[in-house]
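In the UniProt record's numbering, the protein residues as written are 1 to 471.
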């Protein structure tokens with residue numbers, strides 16, 4: 001008698017069936033259900049939302065923002081400046097070498113319009129300025145010898161001496177004497193300053209697009225000697241009068257010349273490189289940069305000194321200068337058509353149109369009186385099968401339709417067997433009530449109904465477990 005072949009274990013057979021079911025389900029195609037709701041008001045809301053989204057992307061994203069372009073911000077830039085003109089004060093004539101600081105011609109420079117001069121300062125002892133805290137005194141006991149005030153003008157000697165004028169007294173200091181407040185003379189240089197001319201030479205480069213351009217037109221050699229800036233007729237003649245810059249910034253020149261201030265000259269290069277290079281032009285704007293309405297920090301001034309020898313001793317002239325500081329600021333953006341941002345923004349636009357469907361679904365499910373009907377049509381419910389006597393792999397194989405239904409329990413009683421056969425399979429959902437029609441209620445007329453529902457195969461009871469698994 002031949003030996004019987006060993007049967008494979010039941011678990012291995014179930015696992016093989018499960019793997020086959022997963023592999024078969026991997027190649028299935030799924031598609032969403034489309035439901036047409038006959039409701040005019042909801043349709044108006046749906047189309048209105050789609051129209052607003054479409055207008056936003058077409059007008060703002062693609063036309064205004066030009067999101068179909070690859071862009072680069074912050075161009076590489078160089079600025080060269082040159083000031084010309086002469087002016088006079090109460091005591092002398094001033095030229096460019098004296099009133100422009102620093103003289104290198106960079107993007108930031110100052111034009112002196114008023115000075116306070118303290119001449120012939122030498123190293124010695126003298127009364128401290130009354131503006132220094134605790135500088136006033138009544139006797140020598142009020143002054144501490146060797147005390148050094150960081151906001152003062154020197155080292156205190158411990159003596160209380162009369163001030164430069166009047167009957168007041170201050171502590172004596174050792175330093176550059178006389179101090180600034182005691183002997184300064186004010187001079188105004190702003191009489192001819194509005195007619196100073198400023199040449200601002202600017203060149204930019206966008207390395208991503210290998211594009212370069214400057215703000216001076218390639219014309220005749222003597223072009224810049226006879227022109228001044230005009231936005232319409234001489235855009236590429238970057239020679240500005242100081243009075244024009246201050247006026248465009250909305251400031252009063254006389255007031256600004258006395259207190260000082262900072263004016264920004266902003267050059268903007270916004271270039272659409274899909275067009276010709278002649279369409280890429282600089283745009284100039286002017287505004288005041290320092291806070292003029294804050295008394296504690298309004299205005300602009302700085303100090304410098306000129307040193308010389310007198311009878312073998314070092315002497316200096318201290319100058320406190322008020323002026324108009326010019327800051328040339330260059331920025332811009334260049335753009336050129338690129339396929340990648342175009343595809344990204346088109347995909348974003350098409351995806352955003354689906355917001356209309358989401359909004360209308362929310363209105364239907366939340367506010368409309370037929371929300372239960374719509375929910376029944378919108379969502380299909382598949383119940384999890386009841387646990388069979390087998391293990392969980394067998395149960396999952398039943399759901400995937402890869403195994404036959406388990407046999408019912410055997411009974412010796414024919415009546416009980418008939419009842420078992422008549423019972424519904426354990427994995428079927430209970431039948432729901434027939435759905436209502438998803439249309440607006442029609443007017444009462446004698447004619448036929450406009451939207452007669454047709455029987456749907458999905459509304460019928462599913463008796464085949466394999467068919468249920470395919471859902």
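Using N, Cα and C, we set each Cβ at its ideal position, and we do this for glycine too.
Take residue 62, set aside five residues on each side of it, and the residues of its chain with a beta-carbon closer than 8 Å to its own are 68 and 345, in chain order.
Inclusion of residue 323 and residue 113 in the CB contact set at 7 Å is warranted, their separation being smaller than that value. Per DSSP, residue 289 lies in no beta strand (DSSP E) and is assigned neither H nor E.
Only buried fits residue 79, as 16 or more other CB atoms lie within 10 angstroms of its CB. Cβ-Cβ separation between residue 119 and residue 161: approximately 21 Å, too far for a contact (criterion under 8 Å). If you look at residue 363, you'll find it in the alpha helix (DSSP H) that goes 355 to 366. With a contact defined as Cβ atoms closer than 8 Å, residue 360 and residue 56 miss out at about 18 Å. For secondary structure counted as the beta strand (DSSP E) over 3 or more consecutive residues, the segment 34 to 98 holds these complete runs in sequence order: 69 to 73 and 76 to 84.
Taking C-beta atoms under 8 Å as the contact rule, residue 262 and residue 325 qualify, at a distance of about 5 Å. By the criterion of at least three beta-carbon pairs nearer than 8 Å, the segment 290 to 300 is not in contact with the segment 210 to 230. Residue pairing from DSSP places residue 271 in a beta bridge opposite 334.
Taken in chain order, the complete alpha helix (DSSP H) segments of 4 or more residues contained in the segment 99 to 158 number zero; there are none. The straight-line gap separating the alpha-carbon atoms of residue 203 and residue 76 is approximately 8 Å. Classified as buried, residue 156 has 16 or more neighbouring CB atoms from the shown chains inside 10 Å of its CB. The beta-bridge partner set that DSSP reports for residue 310 consists of 313. Non-local C-beta neighbours of residue 308 in its own chain, meaning closer than 7 Å and more than five positions away in sequence, comprise 315, ordered along the chain. Taken atom to atom, the span from the alpha-carbon of residue 33 to that of residue 276 is near 50 Å. Its Cα nearest to that of residue 111, the residue 100 stands out among 100, 352, 129 and 121.
Here residue 244 carries a helix assignment [DSSP, helix/strand/coil]. Linking residue 144 to residue 177 through their CA atoms gives a straight-line distance of about 19 Å. A residue is called buried when at least 16 other Cβ atoms come within 10 angstroms of its Cβ; residue 84 does not meet this threshold and is exposed.
Taking all protein chains in view, the Cβ of residue 20 is surrounded by fewer than 16 other Cβ atoms within 10 Å, so the residue is classified as exposed.
No Cβ-Cβ contact shorter than 7 Å links residue 274 with residue 209. For the 7 Å CB-CB criterion, residue 116 and residue 320 form a contact. Relative to the Cα of residue 179, the nearest Cα in the group 241, 154 and 73 belongs to 154. The beta-carbon separation of residue 238 and residue 268, rounded to 14 Å, does not stay under the 8 Å limit for a contact.
Separation of the CB atoms of residue 106 and residue 81 is rounded to 7 Å, and the pair is thereby assigned contact status at 8 Å. Residue 162 is bridged by DSSP to 169.
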